[in-house]
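Heads up, the thing below is written out as structure tokens.
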Amino acid sequence: MTHVADSHDTIRVEGARENNLRDVHVELPKRRLTVFTGVSGSGKSSLVFDTIAAESQRMINETYPAFVQGFMPNLAQPDVDRLEGLTTAIIVDQERMGANQRSTVGTATDANALLRRLFSQIGDPHIGSPNAFSFNVPSAVGSGMLKVQKGPGKPQAERAEFHILGGMCPRCEGIGNISDLALDELYDDTKSLREGPFKIPGYNPDGWNVKIFVDSGFFDPDKPIRDYSERELQDFLYRENTKVKFNNINITYNGLVPSIQRTFLSKDREAMQPHIRAFVDRAVTFKVCPECDGTRLAPEARSSKIKGINIADACRMQITDLLEWVRGIDDARVAPLVRNLVELLQSFVEIGLGYLSLERPAGTLSGGEAQRTKMIRHLGSSLTDVTYIFDEPTAGLHPADVEKMNQLLLQLRDKGNTVLVVEHKPEVMVIADHVVDLGPRAGSAGGEVVFEGTVDELRRADTLTGRHFDHRAQLKPKTRKPKGAIEIRDASTHNLKDVDVDVPLGCLTVITGVAGSGKSSLIEGSMPRDLEIVYVDQSPIRGSRRSNPATYTSLLEPVRKAFAKANGVKPALFSANSDGACPTCKGNGMVYTDLGPMSTVATLCVECEGRRFQAEVLEYTLGGKNIAEVYEMSVDEALPFFSEGDAKVPAAAKILDRLADVGLGYIALGQQLSSLSGGERQRLKLATHMADRGGTYVLDEPTTGLHLADVDQLLALLDRLVDGGKSVIVIEHHQAVMAHADWIIDLGPGAGHDGGEVVFEGTPAELVEQRATLTGEHLARYVGR
């Protein structure tokens, strides 16, 4: 590689040691597209996200005034000797978009804002400003003090009437649905307040929120609730915002129903603790708001129309259809606005998201869909000389859509930006100006730059990536015969068009098709409910900041017992959540300081130095290692340790074997779950489910995050599952998995309302031979037919 001394032309990293990086030195050309590759756990994210992006963000934060910095995260400096030539970094990752129930595809981009302006200017009848079309702005009438300038001198304050016309539906408050509470799931009406009638998490008899009811004075706390008068029951259940005296202070009393609505129902269900989620599922039923029919909008907002369409209709349209409707608006008053809206909607189509609607809740998007939606924000940006960082931008994309993504990445580069992409697919690597390959393996066996150069040089390089670059899986010469079938009939979930299809049992079946064609709707929304099906997806794993692979897989249970037996003490000593926990950090290894409105700050515990346990606990050993050292071991290190000798724990070895089987040998047993990628989370779930009795496994894009060399290992694992008597159904775009399948079901022909049909079902060889679908064309090209 030609070294360029001027930092105007390169980003130079010297001595990077974040996580498993070993004094990494790289020079990355600016205003070029660089792809980072290497096996999972080789150090790609540590270099790109935890070093380059983290330092860029930290330096930007330091440019703000001290007062503003006080409200920002306290970012630590990455472990690196020197970083030169950094520019502002914009990270476009696969993290799910905020699951705020008010956030939609339209509000997460500029699309809703542009539509609101459009309707406020030419909607008939004219009802007001853009806020009149926003389901997040309530209408309000009142009066307040207004500063008025009357001639020279200081402005005077006068009371003035105001009327704010917002677009929020008053019944559902802009949510689109309303909730009904099953009162018998909230309390036992045979008991009095003093007897503890509540069935609600956190409503303990001696708790603050129960004592407010007892001491409110609205009812006799010793009388059973079923004996309340109509007025008492109304006060108990529905009274709102009433000042009462409690412990000699004035507080606001709210009845049980509004209290629960604010405490539980205003939060995203998926972010709830399991026991709270179970309560909500048991006690609450949701239905479409009858006032707005789920549109979230007030009647005035729905009354204003353009060409017979109101803003709710527009947001419900598939984006491809909305684009055509907007193009048909010919009005000189809004010509620039229409042009901007067309460009934005065209970006959705170009990026493979034309099948979405603007009303789609943002929290329901997959990781790949979320990343592409975020990308739309930047395509029309006027910024140049910015560093854009992408994490597997082709995740969830059909081979037919990968080329579109490549064009968008090149478009960002050609505007004068530096584009850094973490990616495994050769189809993306081929467009790179520069490639950085990390390895040679994962975890402690990785963390080095094993190659830097052009794509052609990589093809000839003696690295795992270089050796596998042009490797192509072959069609199976012989496929398994089905042992029956799961019959799906008249499937009409989402965009499915009364689909009838048989999914074979005892086989490896791949469900494929372009993004939005109906794959997930068919498998997750239409399968018979009486089957023992194990779903393994990439959704976030539930757990606290204490959770790690060892706790999630129940690996620690037999390990704690082995430590206890070897040392003649109780197992609870070897739990960071129990008796053995460091008293200072409560077994977290870190001390978390909540700074109120500012971000929580995490610092290494000085008492245990991050080891989580009391000092005396660490004196007990098993096979020469203490429990903290076990946490630090990788799966590959722990497997032989617990398989033989003094530390032999067969139950632990069995779990570790499954983790190694799914390609997670490099992860540390004590690694925080929140640090795992979507693909790693899915493989961790798969490892835990491999002991389940369920006869059918459904995997959602298990190749996400997998290096070319790891795909073969995944295919071998899937074969072992099927040969062991399981049926495996994989929703997947990777051609190597398709080629290895026994049976393929291809959905399409397009996305959204252009999809929802089975366009092919049969063996991979038949799909290639017929070449009748987009998938068939790409698979034939992949296997060289």
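Sequential numbering of the sequence shown, starting at 1, is according to UniProt numbering.
Using N, Cα and C, we set each Cβ at its ideal position, and we do this for glycine too.
Rounded to a whole number of angstroms, what is the C-alpha to C-alpha distance between G665 and A638? 9 Å
Report all residues from its chain with a CB closer than 6 Å to the CB of P597; omit the five preceding and five following residues, and keep chain order. With a pLDDT of 41 at P597, under the threshold of 50, the predicted position of this residue should be treated as unreliable, though the coordinate-derived value follows. Excluding residues within five positions, none has a Cβ falling inside 6 Å.
Over what stretch of residues does the alpha helix (DSSP H) that includes A660 continue unbroken? For A660, the uninterrupted alpha helix (DSSP H) segment begins and ends at P650 to D661.
Should I667 go down as buried or exposed, given a rule of 16 or more other Cβ atoms within 10 Å for buried? buried
Range covered by the beta strand (DSSP E) that runs through K243: T242 to F246
Once you ignore the five residues that flank A5 on each side, which residues in its own chain have a CB closer than 6 Å to its CB? Model confidence at A5 stands at a pLDDT of 45, short of 50, so the residue's coordinates are unreliable and nothing is read from them.
For I486 and L508, what's the separation of their Cα atoms in angstroms? Roughly 13 Å separates the two Cα atoms.
Could you round the C-beta distance between R17 and V80 to whole angstroms and report it? I think they count as a contact, below 8 Å. 7 Å
I think V244 touches G202, with their Cβ atoms under 8 Å apart; what is that distance to the nearest whole Å? That pair is no contact at about 20 Å.
Under three-state DSSP, which class holds Q474? coil
Rounded to the nearest angstrom, how far is the Cβ of R413 from that of L28, given a contact under 8 Å? Their Cβ separation, rounded to whole angstroms, is 13 Å, which puts R413 and L28 out of contact at 8 Å.
Within 8 Å, do at least three Cβ pairs link the segment 438-449 to the segment 55-75? With the cut-off at 8 Å, the segment 55-75 and the segment 438-449 do not touch.
Under the assumption that A53 contacts A89 (Cβ atoms under 8 Å), give the Cβ distance between them as a whole number of angstroms. 5 Å
By Cβ distance, which residues of its chain are closer than 7 Å to Q676, with the 5 residues on each side in sequence left out? Note that residue 676 is Leu in the sequence shown, not Gln. Excluding positions up to five away in sequence, the list reads L684.
Bridge partner(s) assigned by DSSP for V743: Sequence check: residue 743 is Trp here, not Val. In the DSSP assignment, W743 is bridged to T509.
Where G784 falls: helix, strand or coil (DSSP): In this structure, G784 counts as coil in the three-state DSSP scheme.
DSSP three-state assignment for A88, whether helix, strand or coil: As written in the sequence, residue 88 is Thr, which differs from the Ala given in the question. Of the three classes helix, strand and coil, the one that applies to T88 here is coil, per DSSP.
Could you tell me which of S520, A691, G694 and L573 sits nearest to I731, measuring between CA atoms? Of the candidates S520, A691, G694 and L573, S520 places its Cα closest to the Cα of I731.
Contact test: L673 Cβ vs the ligand ADP heavy atom, cutoff 8 Å: Absence of the ligand ADP is noted for the structure shown, with no ligands found whatsoever.
L356 - DSSP class collapsed to helix/strand/coil: coil
3-residue-minimum beta strand (DSSP E) runs that sit fully inside the segment 165-249, ordered along the chain: 177-181 and 242-246, all fully within the segment 165-249.
Which residues in the same chain have their Cβ closer than 8 Å to the Cβ of S103, if we skip the five residues on either side of it in sequence? M97, P361, A362 and G363
Taking just the CA atoms, how far does R171 sit from V284? 17 Å
How about E166 and S304: do their beta carbons lie closer than 9 Å? Note that residue 166 corresponds to Gly in the displayed sequence, not to Glu. The Cβ atoms of G166 and S304 lie no closer than 9 Å to each other.
Quick one: measure Cβ to Cβ for E369 and L353, integer angstroms, because I've assumed they're closer than 8 Å. 7 Å
Within 9 Å, strictly: CB atoms of V649 and A562: yes
Bridge-paired residues (DSSP) for M317: Beta-bridge pairing links M317 to no other residue.
Can you list, in chain order, the residues of its chain with a C-beta nearer than 6 Å to that of K44? Leave out the 5 residues immediately preceding and following it. F36, G38, V422 and L438
Bridge partners of G752, per DSSP? According to DSSP, which records beta bridges pairwise, G752 is partnered with nothing at all.
Among residues of its own chain, excluding the 5 on either side of K425, which ones have a beta-carbon nearer than 6 Å to its beta-carbon? These residues qualify, in order along the chain: T394.
Using the Cα positions of Y782 and D93, report the straight-line distance between them to the nearest angstrom. Going from the Cα of Y782 to the Cα of D93 covers about 28 Å.
Three Cβ pairs or more, each shorter than 8 Å: is that satisfied between the segment 743-763 and the segment 524-543? no
Euclidean distance between Cα positions of N136 and F641: 57 Å
In the DSSP assignment, what are the bridge partners of G762? Its beta-bridge partners are I744.
Under the rule that 16 or more other beta-carbon atoms within 10 Å means buried, what is K287, buried or exposed? exposed
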